[in-house]
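Novice:
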Amino acid sequence: MPRKLGKTSDQRRAMLRQQVTDFLDYGKMETTVTRAKEIKPLAEKMITLGKKSDLAAYRQAMSFITREDVCKKLFKEIAPNYTERNGGYTRIIRTGIRRGDAAETAVIELV
Numbered sequence: 024m025p026r027k028l029g030k031t032s033d034q035r036r037a038m039l040r041q042q043v044t045d046f047l048d049y050g051k052m053e054t055t056v057t058r059a060k061e062i063k064p065l066a067e068k069m070i071t072l073g074k075k076s077d078l079a080a081y082r083q084a085m086s087f088i089t090r091e092d093v094c095k096k097l098f099k100e101i102a103p104n105y106t107e108r109n110g111g112y113t114r115i116i117r118t119g120i121r122r123g124d125a126a127e128t129a130v131i132e133l134v
């Protein structure tokens with residue numbers, strides 16, 4: 024069962040789309056462990072689409088990613104680095120506990 028992350032389904036979808044977009048833009052981001060675990064499969068799916076590099080895949084990626092410049096970067100710069108690799112494009116490194124609410128934090132980054 025998917026994690027709800029304390030949000031309604033449309034809010035959750037919007038948040039995950041935005042986080043995946045930012046993650047692909049910067050190549051690394053710090054967030055909570057549960058959010059990182061939700062972002063990981065979505066980001067990997069986008070990179071797999073980027074590896075296909077045809078118009079249909081580009082449009083599929085654009086329907087999820089919120090910024091066109093990030094989508095172009097995905098297809099031109101990020102995905103070509105992983106042509107030899109079959110999945111496992113991201114890693115999650117736990118970084119400890121957040122002071123404000125004691126949530127466990129992690130860094131998710133491109134391998």
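Here this note's numbering is used: the first residue of the sequence shown is 24, the next is one more, and so on.
Glycine included, each C-beta is placed from N, C-alpha and C at the ideal position.
Could you check the C-alpha separation between Arg35 and Lys27 for me, to the nearest Å?
Specialist: Computed Cα separation, rounded: 7 Å.
Novice: Would you mind reading off the limits of the alpha helix (DSSP H) that contains Arg82?
Specialist: Where Arg82 is concerned, the enclosing alpha helix (DSSP H) stretches over Leu78 to Phe87.
Novice: What distance in whole Å lies between the Cβ atoms of Gly73 and Ile101, which are believed to be in contact at a cut-off of 8 Å?
Specialist: Going by Cβ atoms, the distance from Ile101 to Gly73 rounds to 6 Å, so yes, they are a contact pair.
Novice: Less than 8 Å between the C-beta atoms of Pro93 and Thr54, yes or no?
Specialist: Before going further, note that residue 93 is Val rather than Pro in the sequence given. No, they are not a contact pair.
Novice: Which residue or residues does DSSP assign as beta-bridge partners of Glu127?
Specialist: The partner list for Glu127 (beta bridge, DSSP) reads Ile120.
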